[in-house]
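Everything on this sheet refers to the single structure shown next.
In the numbering used here, the protein residues as written are -2 to 442.
Quick look at the structure:
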């Protein structure tokens, strides 16, 4: 937090992975109203280190992409095999997921943080807002904020203590980390479109259900709180003025999403004339979208806005990519690539979370709720677990409970809303994740 006019780097609401939208930070002016003010980068010694950091990241990527790790001896001790698996898994990410998937997704996340007003979203969570609108906004806010389970906590505490209803605030608390746009894209790309879509749709639905359940359970207490907040002027967040027409923003995001989709368009496994035609023309379509995006950037955006966009993208990249690198290596060492064994024997995984039974799914949901997942690291971990024998139902349960909760976040939630509300919230997340996992495993997995 920082006050208007204060010098120094805004701290905002940053968790261990720092995945907070860099375009805006929370400020607490003298009158006590919660506002959102634009972040403006200042040239400091940290910014001067950016070229060296970028060069190091590019060097690591090129080494991971090009070195012949497959020539390393496949036999030997289990430790040597685990090290080989970690390097080969890292190379698979570098060759198949970084350039065409992760880099475009990072630019989209940077654009969201720059050109989608958080104030315009947050003001709809106030006590005077239409309830349907409040829950709808809270349930999809994760696509805009792109935060982890710890990063979202100061935002949740701020809106709840300043008058937002417990229901919308709880929906926001779950949605923030659960519907991370980068994680959804990477899940669909690596684990499959089916589970990626199931994660996105179910997480949005859970945000609404969890918020509504919290509101109904504590509705009497909430009525008194809302009345008090309204009498005191309540929770007010001004909506920033739009810099350009909405249709331009829509076209801009549509072009970037189109580039991401068509650049990664895969050849259909079964004959399909439409899909095969699109696959044959994927690079023509992608090139046309790139040209359209370049024209939009030249005609509609100022130089400062483009610098801000690139800076926001770099903010996400330097915070997320190192964590993803560590997550891939750890997953490779412990679990190996799909259908390859590393340190942990596959039968251990099969005994704990194999199949799609209630016990395995509940175990995955509880374990995910207690663990801390930095942004995106749940994807390579699950890739290894699924390859080692984890069922699809438990995998979805972990995807729904893991990013939204962690033991540290539970302790902070308890300090904000009390022990009882924290336990109710955690129970709702675990139970709903288990039910969704069982249903998904039964009918789809």
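Backbone N, C-alpha and C fix where the C-beta goes; we use that ideal spot for every residue, glycine too.
Please read these numbers as outputs of a predicted model, since none were measured by experiment.
Under 9 angstroms, Cβ to Cβ, is there at least one residue of chain B near residue i?
| i | result |
| --- | --- |
| residue 400 | Among the chains of the structure shown, chain B does not appear; only one protein chain is present. |
Kindly indicate which three-state DSSP category residue i falls into: helix, strand or coil?
| i | result |
| --- | --- |
| residue 407 | helix |
| residue 386 | coil |
| residue 284 | helix |
| residue 324 | helix |
| residue 73 | coil |
| residue 351 | strand |
| residue 264 | coil |
| residue 333 | coil |
| residue 171 | helix |
| residue 241 | coil |
| residue 162 | coil |
| residue 374 | coil |
| residue 78 | helix |
| residue 342 | coil |
| residue 298 | coil |
| residue 208 | helix |
| residue 391 | helix |
| residue 215 | coil |
| residue 401 | coil |
| residue 293 | helix |
| residue 86 | helix |
| residue 253 | helix |
Over the uninterrupted alpha helix (DSSP H) stretch that includes residue i, give me the two end residues.
| i | result |
| --- | --- |
| residue 436 | 416 to 440 |
| residue 48 | 47 to 63 |
| residue 111 | 100 to 112 |
| residue 186 | 178 to 188 |
| residue 134 | 128 to 137 |
| residue 274 | 270 to 277 |
Suppose contacts are defined by Cβ-Cβ distances below 9 angstroms. Is residue i in contact with residue j by that definition?
| i | j | result |
| --- | --- | --- |
| residue 343 | residue 391 | no |
| residue 201 | residue 130 | no |
| residue 306 | residue 245 | no |
| residue 413 | residue 153 | yes |
| residue 303 | residue 256 | no |
| residue 107 | residue 309 | yes |
| residue 366 | residue 327 | no |
| residue 313 | residue 110 | yes |
| residue 434 | residue 393 | yes |
| residue 425 | residue 188 | no |
| residue 166 | residue 135 | yes |
| residue 177 | residue 335 | no |
| residue 51 | residue 311 | yes |
| residue 397 | residue 196 | yes |
Self-check item: Three CB pairs or more closer than 8 angstroms across the stretch 92 to 108 and the stretch 177 to 187
Solution: yes
Self-check item: Segment contact flag, the stretch 51 to 67 with the stretch 80 to 93, C-beta cutoff 8 angstroms, min 3 pairs
Solution: yes
Quiz prompt | At least three beta-carbon pairs within less than 8 angstroms, the stretch 248 to 261 to the stretch 206 to 224 | solution = no
Self-check item: Three-pair Cβ contact test at 8 angstroms for the stretch 433 to 442 versus the stretch 383 to 402
Solution: yes
Quiz item: Is it a yes or a no for the stretch 359 to 378 touching the stretch 419 to 434, going by three-plus beta-carbon pairs under 8 angstroms?
Solution: yes
Quiz item: Taking contact to mean at least 3 C-beta pairs separated by less than 8 angstroms, is the stretch 66 to 75 in contact with the stretch 315 to 327?
Solution: no
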